[in-house]
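Which chain is which? The protein sequence lines are Y and R, in order.
For the first sequence, our numbering begins at 147 and goes up steadily by one.
For the second sequence, our numbering begins at 48 and goes up steadily by one.
Note that the Cβ used here is the ideal one computed from N, Cα and C, for glycine as well.
Read the structure below first, then the notes.
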Amino acid sequence: MEQVELAVVGAGPAGLSAAVAAARLGVQVAVFDENSKPGGQLFKQIHKFFGSSQHLAGVRGYDIGQHLLEEAEAAGVAIHLDTTVYGLFPGPRLGLVCHGQSRTCRASGVVVATGATENALAFPGWTLPGVLGAGAAQTLVNLHRVLPGRRVLMVGSGNVGLIVSYQLLQAGARVVAVVEAADKIGGYAVHAAKLRRAGVPVLLSHSVLSCQGNPRVEKATVCRLDQLWQPVAGTERQLEVDTVCLAVGLSPLCELLWMMGASLAHDTRLGGHFPVHDEDLRTSVPGVWVAGDASGVEEASTAMEEGRLAGLSAAEFLGKLTPGEAKERKAEVRQSLEALRSGAFGEIRRRAKAQVTQEAGDCFAGWRQL
Amino acid sequence: MPAGASFDGYPSRGELESSPGYPSRRRMESGPVAIIECVQEIPCNPCETACPRHAIRVGEPITSLPVLDEDKCTGCGLCVPACPGLAIFRLHLHYRPGLATVDFPYEYLPLPEVDTEVDAVGRDGGVLCRGRVVAVQAGQKTGGTAVVRLAVPAEFAEEVRSMSGGLEHER
Chain Y
147 MEQVELAVVG AGPAGLSAAV AAARLGVQVA VFDENSKPGG QLFKQIHKFF GSSQHLAGVR
207 GYDIGQHLLE EAEAAGVAIH LDTTVYGLFP GPRLGLVCHG QSRTCRASGV VVATGATENA
267 LAFPGWTLPG VLGAGAAQTL VNLHRVLPGR RVLMVGSGNV GLIVSYQLLQ AGARVVAVVE
327 AADKIGGYAV HAAKLRRAGV PVLLSHSVLS CQGNPRVEKA TVCRLDQLWQ PVAGTERQLE
387 VDTVCLAVGL SPLCELLWMM GASLAHDTRL GGHFPVHDED LRTSVPGVWV AGDASGVEEA
447 STAMEEGRLA GLSAAEFLGK LTPGEAKERK AEVRQSLEAL RSGAFGEIRR RAKAQVTQEA
507 GDCFAGWRQL
Chain R
48 MPAGASFDGY PSRGELESSP GYPSRRRMES GPVAIIECVQ EIPCNPCETA CPRHAIRVGE
108 PITSLPVLDE DKCTGCGLCV PACPGLAIFR LHLHYRPGLA TVDFPYEYLP LPEVDTEVDA
168 VGRDGGVLCR GRVVAVQAGQ KTGGTAVVRL AVPAEFAEEV RSMSGGLEHE R
C-alpha cells in the first residue's frame, strides 16, 4: 500500500498552503485533487485580492495560484491531479480513484481542504438551461472563455454575486440587475460600486420568483420581499434575461470527514454543517485536520492562513517542529487570521470561529483526560 | 429607504466627507489630489504601500479606513490602479480654465482612445456630461488595471467616476 507522511485532500489555497508549510519543515507531503489543474478556485479569480500587502494583497487570484504552485514545487510537494479521494477510513487511509483505477493510500496525517459547494435556490423554472451557480458562470467565463448568456440576472449580493457580476460585465455580458433578499448589500460596497457606476441596479428586498422560457430561460420574474422575506403581491416584475446566476451562499464540503466519524456541528454563520475543530484546525479524529472553506465558509485569504496553520500543526504532530517552535509559528498565523477577520464583515466569522474552536478545544482536552 | 454604501452600493456625500480618505475642498482647489472612496472597514492595505510619499496610512488593524495626509499627497495617482477595490480616484480640479480631470480605474476592453469624447458617468452610472479622454495608462505597470484620465467641466468633477461606451453590450 502506498504510504505518505501527510496526505492533503484538495489543491486549492488551503490545501496548497498546508502542503507548503509542512513540506518546508521536512514532512513528505502528497496532495490529491480530483481536478486536472491545481489551484482550486484561484485560477478563475481574475480580480485583485484584498488583504495585507505582506500577504499578496493587490495580486490577482490566478497569480496567487501560480505563486502557491511554485512554492509547492520548490518545497518538494507531490501533487496528484485527476485523483478523487472517495473515502477516508480509520488508519487514516484514503481511498483514491485515478483514471478509473482505484488504490489505497496510508498516511500518518491528513489535512482535508475540500472547499465548499454552491447553494442552490429552488423556484419554478430553476431547472431550465440558463439557471446556474455564480461560481459555475465564473468558471465558464474565466477558465473556459465561454459566455453563459448575454443578459444576466444575479441572485445574491454577497461578494461572490458582486464579483461575478463585474466579471460578466468585463466579459461582455449585460447584468440586468442584482437582486438581494436582505435590506442591505451583503458584500463589500467597493465591489457594488463598480457595478453601480457601470449602470447595474442592485434591488434590495427583492428576489427571483420564477423563470420562464422554452427551451431555455427567456424571462425571470422578480418581486419585492417583506421583512419576513415573503413576496409582496403586486410587485412582480418581468425581466428579459437569458441567464440567472445564483449566488446564495456556499456550504462546506465535509462528507469525507463525516464518513470518517469526525464530529460535525452547524452554524449558519459558517455556511451550515462543518467539522468541529480546535484553534489548530484539528478535527475530533486524531491525526486529521481541516482547513479553508471546508472548516466553515470564509474567503481565499483566510483559507491560505488556515492551511498554513493546519500544516504547521501537522508538522508538529509528525515531530518536525518542537512544541516551542510550533507555538511561536502558529501564533504568528493566528494573528494574521485575527486581522483578516476584524472589521464589520469579518467580525461575524471571527466570533463564530472563536466559539467553535473554544468549545472544541475544551471538548478535545476533556477526551484526552478520559 | 436609508442611503449610503450598504444600500446604494456607493458612498453618500455624508459618508465621503466624514471618511479620512476624502480630501478637503481646500485641498482639491490647490492641485491634483487622491480621492479615496473607501468607507467600510475591510481587511485591505495595498494603498498604503503604493504611495511613495507615505501619504496614505492604514496601519493596524488592517481593517482601519485609509487615512489620506492631504498635504503629503502630490496627486501622482500611483494609488489609483493599486487599490484592489477600484475605489481611489485622482482629481485635478483646475486642469484648464473651467475644466477638471478625473482619473479612474477602468478594467474593460476596448480601452478608449485618447482625444475621443465619451459619456462621463457618476457613482450611480447615470450620465452627467460629456468628457474627453486625455490619457490612458495601461499595462503591467498598473497590474492590468488601466487608468483613464477624463477632462470634464469642473462643476461635475466631484461626481464623475467612470465613463460609459467601452462596454461591449452597449454597442
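- Message: Counting only beta-carbon separations shorter than 8 angstroms, does Gln-87/R have a partner in chain Y?
- Response: Yes, contact with chain Y.
- Item | Beta-carbon neighbours of Phe-189/Y, restricted to chain R and to distances below 8 angstroms | The premise fails here: Phe-189/Y is roughly 15 angstroms from chain R at the closest Cβ pair, so nothing lies under 8 angstroms.
- Task: Return the bridge partner residues of Met-563/Y from the DSSP annotation.
- Result: No statement about residue 563/Y is possible, as the shown extent of chain Y runs from 147 to 516 and does not include it.
- In this structure, what does DSSP give as the bridge partners for His-412/Y? BP columns for His-412/Y point to His-419/Y.
- Message: In this structure, how does DSSP classify His-247/Y when only helix, strand and coil are distinguished?
- Response: The sequence given here places Gln at residue 247/Y; His does not occur at that position. Gln-247/Y carries a strand assignment under DSSP once its states are collapsed to helix, strand and coil.
- Task: Identify each residue in the segment 318-333 of chain Y for which the Cβ-Cβ distance to at least one residue of chain R is less than 7 angstroms, and report them in chain order.
- Result: Of all residues in the segment 318-333 of chain Y, the ones placed with a Cβ closer than 7 angstroms to any Cβ belonging to chain R are Gly-318, Ala-319, Arg-320, Lys-330, Ile-331, in chain order.
- Item | CB contact check: Asp-166/R to chain Y, cutoff 8 angstroms | No, no contact with chain Y.
- Specify the secondary structure class of Ser-441/Y as computed by DSSP and reduced to three states. Per DSSP, reduced to three states, the secondary structure at Ser-441/Y is helical.
- Message: Any beta carbon of chain Y sitting closer than 8 angstroms to that of Asp-150/R?
- Response: False, the Cβ-Cβ gap to chain Y never drops below 8 angstroms.
- Task: Give the C-beta separation of Thr-250/Y and Leu-240/Y to the nearest angstrom, bearing in mind that I take them to be a contact with Cβ-Cβ under 8 angstroms.
- Result: In this structure Thr-250/Y touches Leu-240/Y by the C-beta definition: roughly 7 angstroms separates them, less than 8 angstroms.
- Message: Can you find the residues in the same chain that come closer than 7 angstroms, C-beta to C-beta, to Ala-153/Y, ignoring five residues on each side of it along the sequence?
- Response: Cβ neighbours of Ala-153/Y beyond the five flanking positions: Ala-176, Phe-178, Leu-240, Cys-251, Ala-253, Val-256.
- Would you mind working out which of Arg-196/R, Leu-112/R, Gly-61/R, Pro-108/R sits nearest Val-127/R, comparing C-alpha positions? The shortest Cα separation from Val-127/R among Arg-196/R, Leu-112/R, Gly-61/R, Pro-108/R belongs to Arg-196/R.
- Query: Residues of chain Y with a CB under 9 angstroms from the CB of Gly-132/R: which are they?
  - Reply: Here the neighbours are Lys-194, Phe-196, Tyr-334, Ala-335, Val-336, His-337, Ala-339, Lys-340.
- Using a Cβ-Cβ cut-off of 6 angstroms (strictly less than) and excluding sequence neighbours within five positions of Ala-168/Y, which residues of its own chain qualify? Excluding positions up to five away in sequence, the list reads Leu-152, Val-175, Gly-457, Ala-460, Ala-461.
- Message: I want to verify the contact list: residues of chain R whose CB lies under 8 angstroms from the CB of Gly-304/Y, in sequence order.
- Response: Ordered by position in chain R, no residue passes the 8 angstroms Cβ test against Gly-304/Y, which lies about 13 angstroms from the chain.
- Query: Mind checking whether Met-300/Y and Val-292/Y have CB atoms under 8 angstroms apart?
  - Reply: The beta carbons of Met-300/Y and Val-292/Y sit no closer together than 8 angstroms.
- Between the CA atoms of Leu-267/Y and Glu-215/R - distance to the nearest angstrom: Any reading at Glu-215/R must be qualified, since the residue scores a pLDDT of 42, below 50, and its modelled position is unreliable; the value itself is stated next. Computed Cα separation, rounded: 30 angstroms.
- Of the listed residues Asp-209/Y, Asn-181/Y, Pro-377/Y, Lys-183/Y, nearest to Ile-192/Y (C-alpha basis): Nearest C-alpha to Ile-192/Y: Asp-209/Y.
- Message: Between which residues of its own chain and Arg-320/Y is the CB-CB distance below 8 angstroms, once the five residues before and five after are set aside?
- Response: Around Arg-320/Y: Arg-296, Arg-297, Val-298.
- Note down, in chain order, every chain Y residue with its Cβ under 9 angstroms from the Cβ of Gly-172/R. Chain Y residues near Gly-172/R: Leu-341, Arg-342, Arg-343, Ala-344, Gly-345, Val-346, Pro-347.
- Query: Would DSSP call Pro-93/R helix, strand or coil?
  - Reply: DSSP places Pro-93/R within a helical segment (H, G or I) once states are collapsed to three.
- Query: By how many angstroms is the C-alpha of Ala-81/R removed from the C-alpha of Arg-231/R?
  - Reply: Beyond the ends of chain R as shown, which are 48 and 218, falls residue 231/R; an answer cannot be given.
- Query: Comparing the C-beta of Gly-191/R with each C-beta of chain Y, is any distance below 8 angstroms?
  - Reply: At a cut-off of 8 angstroms, the C-beta of Gly-191/R has a neighbouring C-beta in chain Y.
- Message: Could you compute how far the alpha carbon of Ser-211/R sits from the alpha carbon of Leu-274/Y?
- Response: Looking at the backbone, the Cα of Ser-211/R and that of Leu-274/Y are separated by about 33 angstroms.
- Task: Classify Ala-339/Y as buried or exposed, calling it buried when 16 or more other Cβ atoms lie within 10 Å of its own Cβ.
- Result: It is buried - the Cβ of Ala-339/Y has at least 16 other Cβ atoms within 10 Å.
- Can you give me the start and stop residues for the alpha helix (DSSP H) that Gly-61/R sits inside? Unbroken alpha helix (DSSP H) run through Gly-61/R: 60-64.
- Message: Quick check for students: name the residue ranges of the beta strand (DSSP E) that lie wholly in the segment 198-244 of chain Y, counting only runs of 3 or more.
- Response: Note on the segment 198-244 of chain Y: whole beta strand (DSSP E) runs with a minimum of 3 residues are 224-226, 229-235, 239-244, in chain order.
- Item | Distance CB(Val-363/Y)-CB(Gly-276/Y) smaller than 8 angstroms | A contact, by the Cβ cut-off of 8 angstroms.
- Message: Does Arg-100/R pass the burial test, meaning 16 or more other C-beta atoms within 10 Å, or should it be called exposed?
- Response: Under this definition Arg-100/R is an exposed residue.
- Message: Taking the straight line between their C-alpha atoms, what separation do you get for Tyr-142/R and Ala-198/R?
- Response: In this structure, the straight-line span from the alpha carbon of Tyr-142/R to that of Ala-198/R is close to 8 angstroms.
- Task: Sort out for me which residues DSSP pairs Trp-435/Y with in a bridge.
- Result: Beta-bridge pairing links Trp-435/Y to Val-257/Y, Arg-428/Y.
- Members of the segment 55-75 of chain R that neighbour chain Y once the beta carbon cut-off is set at 8 angstroms: Of all residues in the segment 55-75 of chain R, Asp-55, Gly-56, Tyr-57, Pro-58 have a Cβ within less than 8 angstroms of some Cβ in chain Y.
- Neighbourhood of Arg-170/R by C-beta distance below 6 angstroms, restricted to the same chain and skipping five residues each side: Counting only Cβ-Cβ distances below 6 angstroms, and skipping sequence neighbours, we find Tyr-57, Arg-208.
- Item | Neighbour flag for Arg-119/Y against chain R, beta carbons, 8 angstroms | Since the first residue shown for chain Y is 147 and the last is 516, residue 119/Y is missing from the structure and cannot be characterised.
- Would you list, in chain order, the members of the segment 176-209 of chain R that have their beta-carbon closer than 8 angstroms to a beta-carbon of chain Y? Under the 8 angstroms Cβ criterion, the segment 176-209 of chain R contributes Gly-190, Gly-191, Thr-192, Arg-208, Ser-209.
- Taking Leu-242/Y and Met-406/Y to be in contact with their CB atoms under 8 angstroms, please state how far apart those CB atoms are, rounded to whole angstroms. The C-beta distance from Leu-242/Y to Met-406/Y rounds to 15 angstroms, too long to fall under 8 angstroms, and the pair is not in contact.
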